[in-house]
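Asker: Listed in order, the protein sequences are those of chains A and B.
Residues 1 to 165 in my numbering are what the first sequence spells out, letter by letter.
Residues 166 to 330 in my numbering are what the second sequence spells out, letter by letter.
Each residue gets a CB set at the ideal place from its N, CA and C atoms; glycine is no exception.
Just passing along the structure, written as structure tokens.
2 protein chains.
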Amino acid sequence: MSKQEATREQTASMEDYLEAIANLGEGKKVVRVKQISEMIGVKMPSVTSALKKLSEQELVEHARYGHIKLTPEGDRIARDVIRRHEALTRFFAQALGIDKETAEEDACKIEHVISSLSMERLTKFVEFIEACPLGSANFPGRYEYYLEHGELPLDCSSRNVRKKK
Amino acid sequence: MSKQEATREQTASMEDYLEAIANLGEGKKVVRVKQISEMIGVKMPSVTSALKKLSEQELVEHARYGHIKLTPEGDRIARDVIRRHEALTRFFAQALGIDKETAEEDACKIEHVISSLSMERLTKFVEFIEACPLGSANFPGRYEYYLEHGELPLDCSSRNVRKKK
DNA sequence: TATAATTGTTAGACATGTCTAACAATTATA
DNA sequence: TATAATTGTTAGACATGTCTAACAATTATA
Numbered sequence: 001m002s003k004q005e006a007t008r009e010q011t012a013s014m015e016d017y018l019e020a021i022a023n024l025g026e027g028k029k030v031v032r033v034k035q036i037s038e039m040i041g042v043k044m045p046s047v048t049s050a051l052k053k054l055s056e057q058e059l060v061e062h063a064r065y066g067h068i069k070l071t072p073e074g075d076r077i078a079r080d081v082i083r084r085h086e087a088l089t090r091f092f093a094q095a096l097g098i099d100k101e102t103a104e105e106d107a108c109k110i111e112h113v114i115s116s117l118s119m120e121r122l123t124k125f126v127e128f129i130e131a132c133p134l135g136s137a138n139f140p141g142r143y144e145y146y147l148e149h150g151e152l153p154l155d156c157s158s159r160n161v162r163k164k165k
Numbered sequence: 166m167s168k169q170e171a172t173r174e175q176t177a178s179m180e181d182y183l184e185a186i187a188n189l190g191e192g193k194k195v196v197r198v199k200q201i202s203e204m205i206g207v208k209m210p211s212v213t214s215a216l217k218k219l220s221e222q223e224l225v226e227h228a229r230y231g232h233i234k235l236t237p238e239g240d241r242i243a244r245d246v247i248r249r250h251e252a253l254t255r256f257f258a259q260a261l262g263i264d265k266e267t268a269e270e271d272a273c274k275i276e277h278v279i280s281s282l283s284m285e286r287l288t289k290f291v292e293f294i295e296a297c298p299l300g301s302a303n304f305p306g307r308y309e310y311y312l313e314h315g316e317l318p319l320d321c322s323s324r325n326v327r328k329k330k
């Protein structure tokens, strides 16, 4: 209800292509169809086909057999996907203590489906955890204790509960 | 690497159908094509078509114009989806303080793509938060403070950081 | 610089999952 | 219990995105 998307929504696939092109193009590097296909895990004709579609939407510039480049709008979308990707990876890796590889895999999937509200909150959550790891009564540390021992740390016992207001 | 799926992976769509049938069938209630179509937000022929596919995989029993019922295997898969759905909803609602509706929407999407490792950790995380909300230095409360004021609570300041070991 | 290797494209098949239109079965009600 | 309303199915179109096979362009190298 509150979400009024101004720009055309992209599918998960198209977001993946934009993201890959942005990542491969970092620092003015030339981007090749082959690289994109390897990064995404599809065959080259799939890339050509996607580039055609993205060109029609003016998100990518693509000369036949030639250069591949994001338009400003394509770049904006790609950056947004990458931003989500990074926040999600950090959440899974830092906050939940998941190995980098799995964290990346999950981020790759979730980045395409999560709402902007949840994304925003999750980002703040990670910032909070990272900025305040010990002050917040060593949150990740306690969480790890719980993961390892399967029971709550001592200072979570009920006698401590009524310290609120 | 560690994940060796014994049962055939289902697509997000098929998982949605199984989930809807399980939810609608709670307490022996008769399940209708119409209801499924409304719950998922597709037209009836899409449901008929999905039921055919699921019947072939023996996840659903479906008599033409007649009853719709999950097989034990179909039910197992549906329960699993529902379990993920609920944990995700609780995470977004309880831990991140997101409204129930958005929490549900996000859970509906993410339940189909998250890894079992992340799911397990996230579940434990929610259990931890819910079991230990005040003892853990009022974690959700501090997080809300951060959300509202945009800065860390006082006791996150650097002078408190070296209290680790 | 010919030729071989590599990279990229085109054409068209295929899988998934949706839809509309037309019809069939079932259920409700006059 | 005929008839109308509702629910469900079938047939087939369509959109998305993948693939293989064949060919074309580019680049590397003999």
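(1) Give, in chain order, every unbroken run of the beta strand (DSSP E) that is at least 3 residues long and sits entirely within the stretch 57–133 of chain A.
(2) What residues in its chain sit with their C-beta under 6 Å from that of leucine 24 of chain A, if we drop five residues either side in the sequence?
(3) Strictly below 9 Å CB to CB, what residues from chain A border glycine 262 of chain B?
(4) According to a CB-to-CB cut-off of less than 7 Å, which residues of the stretch 99–120 of chain A neighbour chain B?
(5) When you compare only the Cα positions, how much space is there between arginine 121 of chain A and alanine 272 of chain B?
(6) Any idea what DSSP makes of lysine 194 of chain B, helix, strand or coil?
(7) Please classify alanine 212 of chain B: does DSSP put it in a helix, a strand, or coil?
(8) In its own chain, which residues sit with a C-beta less than 6 Å from the C-beta of histidine 112 of chain A, not counting the 5 before and 5 after it?
(9) Could you spell out the range, first to last residue, of the alpha helix (DSSP H) harbouring glutamate 174 of chain B?
(10) I'd like to check one pair, glutamate 73 of chain A with leucine 59 of chain A: are the Cβ atoms closer than 8 Å?
(11) Using the rule of at least 16 other Cβ atoms within 10 Å of the residue's Cβ for burial, across every protein chain shown, is alanine 93 of chain A buried or exposed?
(12) With C-beta atoms as the reference, is lysine 52 of chain A less than 8 Å away from glutamate 61 of chain A?
(13) If you draw a straight line from the alpha carbon of glutamate 269 of chain B to that of glutamate 101 of chain A, how long is it in whole angstroms?
(14) How close, in whole Å, do the beta carbons of alanine 185 of chain B and methionine 204 of chain B come, if the pair is a contact with beta carbons under 8 Å?
(15) Taking the alpha-carbon positions, what's the leucine 253 of chain B to serine 281 of chain B distance?
(16) Using the Cβ count rule (16 or more neighbours within 10 Å means buried), how would you classify tyrosine 17 of chain A?
(17) Candidates A/Asp80, A/Glu26, A/Tyr65 and A/Arg90: which alpha carbon is nearest isoleucine 129 of chain A's?
(18) Is the beta carbon of serine 202 of chain B less than 8 Å from the beta carbon of serine 211 of chain B?
(19) Rounded C-beta distance between isoleucine 114 of chain A and isoleucine 279 of chain B? I'm assuming under 8 Å.
(20) Could you round the C-beta distance between alanine 22 of chain A and isoleucine 82 of chain A to whole angstroms and report it? I think they count as a contact, below 8 Å.
(21) If we define contact as Cβ-Cβ less than 8 Å, is glutamate 9 of chain A a contact residue for chain B?
(22) Which word fits alanine 243 of chain B, buried or exposed, when buried means at least 16 other C-beta atoms lie within 10 angstroms of its C-beta?
(23) Count the other CB atoms within 10 Å of the CB of arginine 76 of chain A; is the residue buried (16 or more) or exposed (fewer)?
(24) Lysine 29 of chain A: which of A/Gly41, A/Asp80 and A/His67 sits nearest, CA to CA?
(25) Can you tell me whether arginine 64 of chain A is buried or exposed, with buried defined as 16 or more other CB within 10 angstroms of its CB?
Answerer: In this structure, then:
(1) 60–62 and 68–70
(2) Val31 and Gln35
(3) Arg121
(4) Thr102, Glu105, Asp106, Lys109, Ile110, Val113, Ile114, Ser115, Leu117 and Ser118
(5) 15 Å
(6) coil
(7) One point to set straight first is that residue 212 of chain B is valine, not alanine, in the sequence displayed. Correct three-state label for valine 212 of chain B: helix.
(8) Ala12 and Glu15
(9) First-last for glutamate 174 of chain B: undefined, no H or E at that position.
(10) yes
(11) buried
(12) no
(13) 27 Å
(14) 5 Å
(15) 12 Å
(16) buried
(17) A/Arg90
(18) yes
(19) Not really, about 11 Å apart at Cβ, beyond 8 Å.
(20) 6 Å
(21) no
(22) buried
(23) exposed
(24) A/His67
(25) exposed
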